[in-house]
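Numbering (this note's numbering) for the sequence shown: 4 to 430. Note that CB positions come from ideal geometry on N, CA and C, so glycine has one too. Right, one structure below, let's go through it.
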Amino acid sequence: MAEHKPIRPIFHVDKLGLMCLALTLFAGVSRAAPAANKEIKPLFDVKIDHELPNPRETFDEVLKLVQQNYYTDQVDDKSLWWGAIQGLLRQLSPEENKGLAAIWLPEEYDRVNQSLHGVSESIGVKSSYTPADGSLTVTEVIPGGPSETLLQPYDRIVRIDGQTLKNLPVAEIDGMLKGEAGSKVGLKVVRDVAVFDLVVTRAKVQMPNVEVQELPDGIRLVAISQFNEGTSTELKDIFDAAVKAGCKGVILDLRGNSGGVFSEGLKCSELFIPKGQSLMRIVTHGSQVNNYVSTNEAPFTLPLAIMVNGSSASASEILAAALRDELAAPLVGEKTFGKATMEKIYPLQNKYRVKFTYAALYSPKGKSWQKLGLVPDVVVDEDDAIPGKTRKLAPDQRLSLDKQLRAAYELLTRSIRLTTAPAPAEK
4 MAEHKPIRPI FHVDKLGLMC LALTLFAGVS RAAPAANKEI KPLFDVKIDH
54 ELPNPRETFD EVLKLVQQNY YTDQVDDKSL WWGAIQGLLR QLSPEENKGL
104 AAIWLPEEYD RVNQSLHGVS ESIGVKSSYT PADGSLTVTE VIPGGPSETL
154 LQPYDRIVRI DGQTLKNLPV AEIDGMLKGE AGSKVGLKVV RDVAVFDLVV
204 TRAKVQMPNV EVQELPDGIR LVAISQFNEG TSTELKDIFD AAVKAGCKGV
254 ILDLRGNSGG VFSEGLKCSE LFIPKGQSLM RIVTHGSQVN NYVSTNEAPF
304 TLPLAIMVNG SSASASEILA AALRDELAAP LVGEKTFGKA TMEKIYPLQN
354 KYRVKFTYAA LYSPKGKSWQ KLGLVPDVVV DEDDAIPGKT RKLAPDQRLS
404 LDKQLRAAYE LLTRSIRLTT APAPAEK
């Protein structure tokens with residue numbers, strides 16, 4: 004008999020990288036006494052629709068069969084346990100986002116933690132994914148980042164390091180673009196009719212949180228790109244300055260803002276909502292309902308309009324829902340992403356981190372936007388790349404090219420005129 008030699012497996016069964024933006028714990032707002040409500044339905048179903056007799060024994064039986072009969076002996080217990088953990092977490096994730104619950108290696112969590120503080124090691128672009136053709140469309144190039152002179156809005160990335168992107172989870176694509184500063188990543192890019200290859204050196208990128216632009220008639224545009232530590236403080240300073248300058252109204256731009264730190268979204272809501280009014284309701288373990296209320300005795304009262312689109316998610320939706328429910332602030336743009344869950348990160352003894360849904364989120368009026376999104380009061384379709392492409396233009400040019408911005412501006416100025424118009428004289 005020939006000597007037995009190890010056979011290399013056809014495919015790898017070791018770890019899969021899982022990268023996605025996490026929401027962290029909340030703090031700093033008043034919470035009304037919780038109440039149990041057993042009638043609340045889950046936002047997404049995680050139960051199986053068939054019987055499974057003796058589940059633990061079945062798992063052990065399958066494990067033993069694999070260990071004894073799998074075609075290669077290069078599958079170790081560590082790989083099998085890793086797969087079991089991932090399977091457990093996928094079962095706890097909604098169908099549209101199977102990476103929502105995840106386990107992170109220490110170095111992966113370090114990158115996530117950096118991003119929550121406004122720093123990432125990446126190629127320095129914002130983008131939107133089109134599953135139909137597997138392309139990543141650049142919507143904004145971060146100033147000073149490694150792609151500033153290489154990529155531009157509307158560029159479509161179709162391959163990363165030679166790998167096609169079709170049918171890949173967004174979290175996995177995000178992980179492919181991120182990496183250690185100084186490392187390189189190869190991109191195949193389509194620009195108009197040209198197709199070319201690029202090599203981009205990843206670097207630490209400081210993402211801007213909030214940007215301000217003066218518009219005509221005393222209106223200010225305040226764009227929040229993400230909710231990181233300190234975003235609410237930055238936003239407060241901006242509104243303090245606006246009030247002192249005699250600003251008449253503000254357009255909050257949440258387009259392209261996929262969320263970030265949960266507590267910052269809540270604190271931003273509290274800047275505008277008076278004491279005692281609801282910021283949000285959440286349902287936690289055991290169907291405990293918690294109503295988070297504002298403690299702000301001196302909220303900002305400037306008239307508001309909020310711009311959103313399909314990339315506005317999580318903390319962006321928290322802010323938008325609260326301002327609409329409690330202040331009747333109109334939403335302008337396109338339906339939001341539809342993520343109404345909060346994930347909590349738990350440290351493990353081996354220094355890994357695990358993340359899964361800790362709470363379901365509801366607007367102050369008790370409505371969920373999970374998967375449904377928030378439907379704007381004024382629906383205006385717009386190319387996702389327009390905000391990034393026009394951000395450096397003069398106000399008049401920007402209002403001319405950005406249909407959503409123009410609609411929000413016209414809505415806000417009309418509302419201000421109506422509320423400040425003198426009452427008709429009595430006859």
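Alpha-carbon spacing of residue i relative to residue j, whole angstroms
i: L421; j: L414; result: 11 angstroms
i: P58; j: K368; result: 40 angstroms
i: I227; j: G102; result: 25 angstroms
i: P398; j: N293; result: 42 angstroms
i: R223; j: G252; result: 7 angstroms
i: G379; j: G259; result: The sequence given here places Pro at residue 379; Gly does not occur at that position. Taking the straight line joining both Cα atoms gives about 15 angstroms.
i: A411; j: E54; result: 52 angstroms
i: N100; j: G268; result: 22 angstroms
i: Q77; j: L83; result: 11 angstroms
i: R327; j: T416; result: 18 angstroms
i: Q291; j: P45; result: 13 angstroms
i: H15; j: S186; result: With a pLDDT of only 36 at H15, under the threshold of 50, the placement of this residue in the model should not be trusted, and no figure is reported.
i: L305; j: S272; result: 14 angstroms
i: I254; j: L66; result: 57 angstroms
i: V213; j: L238; result: 7 angstroms
i: S418; j: G147; result: 38 angstroms
i: Q400; j: K392; result: 12 angstroms
i: V173; j: R159; result: 15 angstroms
i: V115; j: F230; result: 13 angstroms
i: T339; j: E143; result: 19 angstroms
i: G249; j: D243; result: 10 angstroms
i: E64; j: N353; result: 27 angstroms
i: E385; j: V141; result: 15 angstroms
Nearest to residue i (by Cα), restricted to the options the options
i: T236; options: F47, L274, T344 and A318; result: L274
i: A206; options: A318, A343, V188 and N212; result: V188
i: V215; options: P146, R93, A411 and R394; result: R394
i: K270; options: Q89, L322 and H53; result: L322
i: V208; options: D220, E217 and K129; result: K129
i: M345; options: N260, T287 and V65; result: T287
i: D405; options: I389, V357 and D243; result: I389
i: Q155; options: R162, D164, I163 and I145; result: I145
i: V383; options: L408, I163, T234 and D79; result: L408
i: L95; options: I51, G376, K247 and V264; result: I51
i: S297; options: C250, S403, F265 and I276; result: I276
i: E111; options: E175, G249 and T152; result: E175
i: Q280; options: A135, G376, E217 and S366; result: S366
i: S403; options: V381, V225 and L218; result: L218
i: L377; options: D387, G341, E385 and L396; result: G341
C-beta neighbour in chain D for residue i, strict 8 angstroms
i: L375; result: Of the protein chains in this structure there is only one, and it is not chain D.
Contact under 8 angstroms by Cβ, residue i with residue j
i: G182; j: E124; result: yes
i: A104; j: T360; result: yes
i: N170; j: G137; result: yes
i: L307; j: A325; result: no
i: F47; j: P97; result: yes
i: E329; j: V311; result: no
i: E320; j: A343; result: yes
i: A362; j: I285; result: yes
i: L108; j: Y349; result: no
i: I106; j: Q89; result: yes
i: L168; j: L139; result: yes
i: V192; j: L201; result: yes
i: L153; j: V203; result: yes
8 angstroms contact criterion, which residue i and residue j should meet: CB distance rounded
i: S317; j: S131; result: Incorrect: roughly 16 angstroms between the Cβ atoms, too far for contact.
i: V357; j: L351; result: 6 angstroms
i: I241; j: V264; result: No, I241 and V264 are not in contact; Cβ-Cβ is about 18 angstroms, not under 8 angstroms.
Length-filtered (4 minimum) alpha helix (DSSP H) runs lying within the stretch 325-395:
389-393
My parser needs the alpha helix (DSSP H) runs of 4 or more residues fully inside the stretch 164-248; what are they?
173-180 and 234-247
Every unbroken beta strand (DSSP E) inside the stretch 91-148 [3 residues or more]
105-107, 122-125, 128-133 and 138-144
Which parts of the stretch 272-333 are runs of the beta strand (DSSP E), unbroken and 3 residues or longer, counting only runs that do not cross its ends?
281-287, 291-296 and 307-311
Give the list of continuous alpha helix (DSSP H) stretches no shorter than 4 residues that lie fully inside the stretch 51-83.
58-72
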